[in-house]
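>
2 protein chains.
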Amino acid sequence: MTSVTRTAGAYHHRDLRRALVDTATDLVRTHGPDGFSLRAAARAAGVDPAAVYRHFTDRSALLAAVAAVGFERLADDMVAGMAAAGDAPADRFEALGRAYVAFALTDPQHFRVMFGPYGSGPSRGADGAGGPSAYGLLVDALGDMGTAGVMSGPVEAAAMTAWAAIHGISTLLIDGAVTMTDTEADAAIDHVIGSVIRGLGA
Amino acid sequence: MTSVTRTAGAYHHRDLRRALVDTATDLVRTHGPDGFSLRAAARAAGVDPAAVYRHFTDRSALLAAVAAVGFERLADDMVAGMAAAGDAPADRFEALGRAYVAFALTDPQHFRVMFGPYGSGPSRGADGAGGPSAYGLLVDALGDMGTAGVMSGPVEAAAMTAWAAIHGISTLLIDGAVTMTDTEADAAIDHVIGSVIRGLGA
DNA sequence: ACCTGAACACCGTTCAAGT
DNA sequence: ACCTGAACACCGTTCAAGT
Numbered sequence: 001m002t003s004v005t006r007t008a009g010a011y012h013h014r015d016l017r018r019a020l021v022d023t024a025t026d027l028v029r030t031h032g033p034d035g036f037s038l039r040a041a042a043r044a045a046g047v048d049p050a051a052v053y054r055h056f057t058d059r060s061a062l063l064a065a066v067a068a069v070g071f072e073r074l075a076d077d078m079v080a081g082m083a084a085a086g087d088a089p090a091d092r093f094e095a096l097g098r099a100y101v102a103f104a105l106t107d108p109q110h111f112r113v114m115f116g117p118y119g120s121g122p123s124r125g126a127d128g129a130g131g132p133s134a135y136g137l138l139v140d141a142l143g144d145m146g147t148a149g150v151m152s153g154p155v156e157a158a159a160m161t162a163w164a165a166i167h168g169i170s171t172l173l174i175d176g177a178v179t180m181t182d183t184e185a186d187a188a189i190d191h192v193i194g195s196v197i198r199g200l201g202a
Numbered sequence: 203m204t205s206v207t208r209t210a211g212a213y214h215h216r217d218l219r220r221a222l223v224d225t226a227t228d229l230v231r232t233h234g235p236d237g238f239s240l241r242a243a244a245r246a247a248g249v250d251p252a253a254v255y256r257h258f259t260d261r262s263a264l265l266a267a268v269a270a271v272g273f274e275r276l277a278d279d280m281v282a283g284m285a286a287a288g289d290a291p292a293d294r295f296e297a298l299g300r301a302y303v304a305f306a307l308t309d310p311q312h313f314r315v316m317f318g319p320y321g322s323g324p325s326r327g328a329d330g331a332g333g334p335s336a337y338g339l340l341v342d343a344l345g346d347m348g349t350a351g352v353m354s355g356p357v358e359a360a361a362m363t364a365w366a367a368i369h370g371i372s373t374l375l376i377d378g379a380v381t382m383t384d385t386e387a388d389a390a391i392d393h394v395i396g397s398v399i400r401g402l403g404a
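These protein sequences, in sequence, are chains A and B.
All residue numbers for the first sequence refer to this note's numbering, where the first residue is 1 and numbers rise by one.
All residue numbers for the second sequence refer to this note's numbering, where the first residue is 203 and numbers rise by one.
1) Please check if any C-beta of chain B sits within less than 7 Å of the C-beta of Met78 (chain A).
2) Using CA coordinates, which residue listed in A:Ala188, A:Leu74, A:Gln109 and A:Thr57 is at the minimum distance from Leu138 (chain A)?
3) Rounding to the nearest angstrom, what Cα-Cα distance links Val303 (chain B) and Thr373 (chain B) in this structure?
4) Around the C-beta of Ser195 (chain A), are 16 or more other C-beta atoms found within 10 angstroms, so that it is buried, or is it exposed?
5) Is Pro356 (chain B) buried or exposed, if buried means 16 or more other CB atoms sit within 10 Å of its CB?
6) Are the C-beta of Ser354 (chain B) and some C-beta of chain A separated by less than 7 Å?
7) For Ala252 (chain B), count the other beta carbons within 10 Å of its own beta carbon; 16 or more makes it buried, fewer makes it exposed. Which is it?
8) Would you say Phe273 (chain B) and Ala226 (chain B) are within 7 Å of each other, going by their C-beta atoms?
9) Whose CA, out of A:Ala40, A:Arg39 and A:Pro122, lies closest to the CA of Met78 (chain A)?
10) Residues of chain B with CB closer than 8 Å to the CB of Ala41 (chain A), please, in chain order.
11) Looking at the unbroken alpha helix (DSSP H) that takes in Met284 (chain B), where does it start and where does it end?
12) Hey, quick one: how far does the alpha helix (DSSP H) through Asp293 (chain B) stretch, first residue to last?
13) Drop a sphere of 10 angstroms on the beta-carbon of His233 (chain B), count the other beta-carbons inside from all chains shown, and report buried for 16 or more, exposed for fewer.
14) Going along chain A in order, which residues have a C-beta closer than 9 Å to the C-beta of Phe317 (chain B)?
15) Count the other C-beta atoms from every protein chain shown that fall within 10 angstroms of the C-beta of Asp289 (chain B), then say buried if there are 16 or more, exposed otherwise.
And the structure:
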């Protein structure tokens, strides 16, 4: 009898909420926010569409959960990039910026949901996983640069400006606002990141 | 008899294509790209949904036309801002940047369509009205700065970097990625534009 | 407590038919 | 040449009903 090993509350799904977020994330990454549907996510999870409303208030709440997953992954990528970059604050900041752009170019659809009308921004990433938020990492990296004397001025203002530049080049590239070859795009990324670091200079 | 004054081919609409673009633009500006529907645009224009396909291949083609209207308006705003700013190249560039951010904050839904998966970018603005494109204006303004000796380096690279910063702060502000008061937002815009101009400095 | 089934008011798109 | 009308396969959301 399998009923013996069955854990309580695991009749249809051990964790439908988690299953829905996982399948929704996959659907968004492959088909984009517009191609994504609540019904398709329910279908992929093997449940009736109405079952989704037991765990999310509506379609946009499910997309917000997908966005939160994205911010956790982005923060992870930034931490990994900084770890590989070494100890020099400017190097660590550059690695953080490159991880940000790389995430956007690797996973444009996910990135779009994170900054679309759904996800409530990068501070959201702190919830759930308990890790640092993407924005917190940026502020910390700039704070380290200030301490090391390779940056001047208030950290918050510098953070907004640096973030705007890095976010801007990311969105321009993934939205195809400008037609570029891969090598041209790399040069543009280099130029933006170099310009940001020079702009922060003490 | 009214039939005497009727012009040829004006039975149902003098220009259904234009009427559809106008109503679609209004719908996008009030309800956003997601709230917009081809059927609602047809309803507002007083025609059957199927009639839209006589003028546009599909829903996204209609949205692309809305985006093109947006790029024409953006270029107009930039020209007006520069005209009011005077003759100094750096002042004119600053006015251009401020017009860009102001457009995004005033008409966020339209701005979103322009840079979403639909509109094919700002170079599109050159078509139709015959006016200059938003990107062309940016490149020209930077070229003038180079001629005046207040900017160094290649224009194309500088244009991408400046555009990224200005576009970035625009999208971060309208997507609510960071929560700010109006005065904080103004300060952030000032900081970004100042940083861009300083970064261009010869 | 959690999920199903059927229903409602919408979509985008197609195609034959009207004028 | 341009538009209508009806149809198709989808949506998001709600609500009574099942277990």
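Note that beta-carbon positions come from the ideal geometry of N, C-alpha and C, so glycine has one too.
All values derive from a computational prediction rather than experimental measurement.
Taking the definition as stated:
1) Closer than 7 Å to the CB of Met78 (chain A) there is not a single CB belonging to chain B.
2) Ranked by how close their Cα comes to the Cα of Leu138 (chain A), the residues A:Ala188, A:Leu74, A:Gln109 and A:Thr57 have A:Leu74 in first place.
3) Those two C-alpha atoms are separated by around 9 Å.
4) The Cβ neighbour count for Ser195 (chain A), taken over all protein chains shown within 10 Å, is at least 16; the residue is labelled buried.
5) Exposed, because fewer than 16 other Cβ atoms sit within 10 Å of the Cβ of Pro356 (chain B).
6) The beta carbon of Ser354 (chain B) does not come within 7 Å of any beta carbon belonging to chain A, so the residue lies off that interface.
7) By the neighbour-count rule (16 or more Cβ atoms within 10 Å), Ala252 (chain B) is not buried but exposed.
8) When the beta-carbon positions are compared, Phe273 (chain B) and Ala226 (chain B) stay at least 7 Å from each other.
9) The candidate whose alpha carbon is nearest that of Met78 (chain A) is A:Pro122.
10) Under a criterion of Cβ atoms nearer than 8 Å, no residue of chain B is adjacent to Ala41 (chain A); the nearest Cβ is some 17 Å distant.
11) Segment Arg261 to Ala287, the alpha helix (DSSP H) holding Met284 (chain B).
12) Element bounds for Asp293 (chain B): Pro291 to Thr308.
13) Exposed, because fewer than 16 other Cβ atoms sit within 10 Å of the Cβ of His233 (chain B).
14) Per Cβ cutoff of 9 Å: Thr171, Leu172, Asp175 and Ala177.
15) So Asp289 (chain B) ends up on the exposed side.
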